[in-house]
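J.: Just dropping this structure here.
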Amino acid sequence: TSSWNFYRKVVGLVNTRWKYQEIFEDLQSDPLFPYLDSLPGVREASNKDKQIEQKARPAYFDMSQSSICEYLVHDAKNVQPKLVKACKVIAKKMGIKQLGVGPVKDVSVAMNKAKKKYKGDVLKVTDFCRAFFIVNDIATLLALIETSFDLFDSSIWRVKLSTLRQGHRSLPGGYRDCKINLVIDNHICEIQVHLQPMWEVCKVQGYAHYKESILYSTDPTNDPYVLLKGLDERTLALLSEVGKNAVKGSSIDQQAEESEKKFGDYHALSGILLEEGKGAEAERMLRKLLSAHCSIDSLCLQGRGIHLKKALERSLRQQGENLEADGIALELAQVTTQMASEKKSVWASLLYDPQVALEMIIDPAKKDRDYEEKLKKTVNDSKQHWLMIREEYFRHLRKKRVADYLLAYLNRQLLN
3 TSSWNFYRKV
13 VGLVNTRWKY
23 QEIFEDLQSD
33 PLFPYLDSLP
43 GVREASNKDK
53 QIEQKARPAY
63 FDMSQSSICE
73 YLVHDAKNVQ
83 PKLVKACKVI
93 AKKMGIKQLG
103 VGPVKDVSVA
113 MNKAKKKYKG
123 DVLKVTDFCR
133 AFFIVNDIAT
143 LLALIETSFD
153 LFDSSIWRVK
163 LSTLRQGHRS
173 LPGGYRDCKI
183 NLVIDNHICE
193 IQVHLQPMWE
203 VCKVQGYAHY
213 KESILYSTDP
223 TNDPYVLLKG
233 LDERTLALLS
243 EVGKNAVKGS
253 SIDQQAEESE
263 KKFGDYHALS
273 GILLEEGKGA
283 EAERMLRKLL
293 SAHCSIDSLC
303 LQGRGIHLKK
313 ALERSLRQQG
323 ENLEADGIAL
333 ELAQVTTQMA
343 SEKKSVWASL
353 LYDPQVALEM
363 IIDPAKKDRD
373 YEEKLKKTVN
383 DSKQHWLMIR
393 EEYFRHLRKK
403 RVADYLLAYL
413 NRQLLN
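Numbering-wise, the working numbering comes out as the position in the sequence shown, counting from 1, plus 2.
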């Protein structure tokens, strides 16, 4: 049972990460995404060194890290009511209904975080006192950033947008959000801004997913079935028995809408059947899983959908059904090629024109100029779209500086 629980947990964590990635790819189709992607953030480290930290008081000089941590926890408890008040001001200004406050981080948790991320320096921990917003879309996120600057200006020490940028890594487990660090009474607090589609995947269990993804080291894994490689027949048979008990009494045709957990149970069991060489049984299960998955996800050939298709191909080959398996392999290859082409740089598309290609050979710098021009136009069009939305829906910001100018100004101010 413990082996099944471990394996099933990994399958679930990887599935959730795939779901986060699918949502992020969908967010990139928002007309406002290029503008968001272009924003520089404030004091956002370009390397692993965090650029903000709690104020080092003279009293800390002779203290141990744990004693300093106790002081910081005490400070966090004192400023928490003021952080809540600040968040309520933002919420009222924008009409946001979904906000909350997290518990003050305790000493042991903060010490552990400092040890793992900041070489033991507890002053680098800036989320002792934290709150959060849940916003519907990118437009509301942009408005919240501008509103925060409008209300609190120099009290904002950092805006971290990196996980929401194309080509940047997510948090462990696949999650992406915006973080705003606000200084209250010389103590740095953290406001997390969650996009509703991301939040809906795990809701309040999102942090547990994040911690478990670190604990189980699932981020490098794109095929949870690899955990079954090398297991003997007896172990596989025991796992299969536990897995079948887990899905007993449920229907594949119904469970996708009723319970993501049951879907994961069937997904995990399919891998065991494949490893046992029971291709026909695995095929029936995988076809129903694919049907259920694609019925609730129009972008079904991403993440989990691709994994299910690969497993179906394998089940067919186990039965000697190579013609259909080859068809699936071709379909997956086309999807992979399409995904790769979509990720090519802007200028690469110009090479389809032989004349343009020749010009680039004669003038190698042309590709960089063309890329920059097309990128600037894409960002500017996105920005203009944002300004139209801003004018119509966020009228309290109509006469304020636009976000990119304001953020750039604050970057210069904070670095001086």
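Even glycine gets a Cβ: it sits at the ideal position worked out from N, Cα and C.
Considering only their Cβ atoms, is the gap separating Gly245 from Leu271 smaller than 9 Å?
T.: Counting from 1 along the sequence shown, the entry for residue 271 is found at position 269. Counting from 1 along the sequence shown, the entry for residue 245 is found at position 243. Result yes, Cβ atoms of Leu271 and Gly245 sit closer than 9 Å.
J.: Is any heavy atom of the ligand MG found at a distance shorter than 8 Å from the C-beta of Val137?
T.: Here there are no bound small molecules, and the ligand MG is not part of this structure.
J.: Could you give the first and the last residue of the continuous alpha helix (DSSP H) run that contains Cys477?
T.: Here the chain has residues from 3 to 418 only, and residue 477 is not among them.
J.: With respect to the beta strand (DSSP E) encompassing Cys131, which residues constitute its N-terminal and C-terminal limits?
T.: If you number the sequence shown from 1, residue 131 lands on position 129. Run containing Cys131: none; DSSP gives neither H nor E here.
J.: Counting along the chain, where does the beta strand (DSSP E) carrying Lys181 start and finish?
T.: Here residue 181 is taken as the residue at index 179 of the sequence shown, counted from 1. Note, Lys181: beta strand (DSSP E), 180 to 186.
J.: What first and last residue would you give for the alpha helix (DSSP H) that runs through Val249?
T.: Working through the sequence shown from its first residue, we reach residue 249 at position 247. That run of the alpha helix (DSSP H) goes 235 to 249.
J.: If you reduce the DSSP assignment to three classes, tell me which class His196 lands in.
T.: Residue numbering aside, residue 196 sits at position 194 when the sequence shown is read from its first letter. Strand at His196.
J.: To the nearest angstrom, report how far apart Trp20 and Ser69 are at their CA atoms.
T.: Walking along the sequence shown from the start, residue 20 turns up at place 18. Walking along the sequence shown from the start, residue 69 turns up at place 67. Those two C-alpha atoms are separated by around 41 Å.
J.: Measuring straight from C-alpha to C-alpha, what distance separates Ala61 and Leu15?
T.: In the sequence shown, counting from the first residue as 1, residue 61 sits at position 59. In the sequence shown, counting from the first residue as 1, residue 15 sits at position 13. Cα-Cα distance, rounded: 44 Å.
J.: Taking Leu229 as part of the alpha helix (DSSP H), name the residues at either end of that continuous run.
T.: Within the sequence shown, residue 229 is the residue found at index 227, counting from 1. Counting along the chain, Leu229 falls outside any alpha helix (DSSP H), and DSSP gives it neither H nor E.
J.: Please report the straight-line C-alpha distance between Lys378 and Ser40, rounded to a whole angstrom.
T.: Residue 378 sits at position 376 when you count from the first residue of the sequence shown. Residue 40 sits at position 38 when you count from the first residue of the sequence shown. Cα to Cα, the separation comes out at about 10 Å.
J.: Report back the beta-carbon spacing between Leu310 and Leu325 to the nearest angstrom; my notes put them in contact at under 8 Å.
T.: Numbered from 1 along the sequence shown, position 308 holds the residue referred to as residue 310. Numbered from 1 along the sequence shown, position 323 holds the residue referred to as residue 325. Leu310 to Leu325, Cβ: 20 Å. No contact.
J.: Lys162 bridges to which residues according to DSSP?
T.: Counting from 1 along the sequence shown, the entry for residue 162 is found at position 160. In the DSSP output, where bridge partners are listed per residue, Lys162 has Lys181.
J.: List the endpoints of the continuous alpha helix (DSSP H) containing Gly273.
T.: Within the sequence shown, numbered from 1, the residue matching residue 273 stands at position 271. 262 to 277 is the span of the alpha helix (DSSP H), which, as asked, contains Gly273.
J.: Please determine, among Glu214, Asp267, Gly279, the residue with the shortest C-alpha to C-alpha distance to Asp234.
T.: As a working note, residue 234 is residue 232 in the sequence shown. Closest by alpha carbon: Gly279.
J.: Helix, strand or coil for Val137, going by three-state DSSP, please let me know.
T.: Within the sequence shown, numbered from 1, the residue matching residue 137 stands at position 135. The answer is strand: DSSP assigns Val137 an E or B state.
J.: Using alpha carbons as the reference points, say which of Ser242, Thr142, Gly329, Ala210 lies closest to Leu173.
T.: Counting from 1 along the sequence shown, the entry for residue 173 is found at position 171. Among Ser242, Thr142, Gly329, Ala210, the Cα nearest to that of Leu173 is on Ala210.
J.: In this structure, what does DSSP give as the bridge partners for Gly102?
T.: Within the sequence shown, residue 102 is the residue found at index 100, counting from 1. In DSSP, Gly102 forms a bridge with Phe134.
J.: Taking 9 Å as the cut-off, decide whether the C-beta atoms of Val103 and Arg132 are in contact.
T.: The sequence position of residue 103 within the sequence shown is 101, counting from 1. The sequence position of residue 132 within the sequence shown is 130, counting from 1. Yes.
J.: Quick check: what's the CA-CA separation for Thr220 versus Leu230?
T.: Indexing the sequence shown from 1 puts residue 220 at position 218. Indexing the sequence shown from 1 puts residue 230 at position 228. Cα-Cα distance, rounded: 15 Å.
J.: Using the beta-carbon count (16 or more within 10 Å), is Asp332 buried or exposed?
T.: As a first step, residue 332 must be located in the sequence shown, where it is residue number 330. This sequence places Leu at residue 332; Asp is not what is there. Exposed, by the Cβ-count rule.
J.: So Glu315 is in the alpha helix (DSSP H); what residue range does that whole segment cover?
T.: Position 313 of the sequence shown, counted from the first residue, corresponds to residue 315. It spans 306 to 320 - the alpha helix (DSSP H) in which Glu315 sits, taken as one unbroken run.
J.: Is it buried or exposed, Met65, if we count other Cβ atoms within 10 angstroms and call 16 or more buried?
T.: Counting from one through the sequence shown, the residue named residue 65 turns up at place 63. Counting Cβ neighbours within 10 Å, Met65 comes out exposed, since fewer than 16 surround it.
J.: Would you mind listing the alpha helix (DSSP H) stretches within the segment 8 to 69 that are 4+ residues and don't spill past its ends, in chain order?
T.: You should have 35 to 40.
J.: Grouping DSSP H, G and I as helix and E and B as strand, with all else coil, what is His170?
T.: Your numbering for residue 170 matches position 168 in the sequence shown. The answer is coil: DSSP assigns His170 none of H, G, I, E or B.
J.: Counting only the same chain and skipping the five closest in sequence on each side, list residues whose C-beta sits under 8 Å from that of Tyr37.
T.: Working through the sequence shown from its first residue, we reach residue 37 at position 35. Taken in chain order, the residues that qualify are Leu144, Val381, Ser384, Lys385, His387, Trp388, Asp406.
J.: Can the beta-carbon of Gln67 be found closer than 9 Å to that of Gly122?
T.: Counting from 1 along the sequence shown, the entry for residue 67 is found at position 65. Counting from 1 along the sequence shown, the entry for residue 122 is found at position 120. Taking 9 Å as the Cβ cut-off, Gln67 and Gly122 qualify as a contacting pair.
J.: Between which two residues does the alpha helix (DSSP H) holding Glu214 run?
T.: The residue you call residue 214 lines up with position 212 of the sequence shown. Taken as a continuous stretch (DSSP letters only), the alpha helix (DSSP H) holding Glu214 covers 208 to 217.
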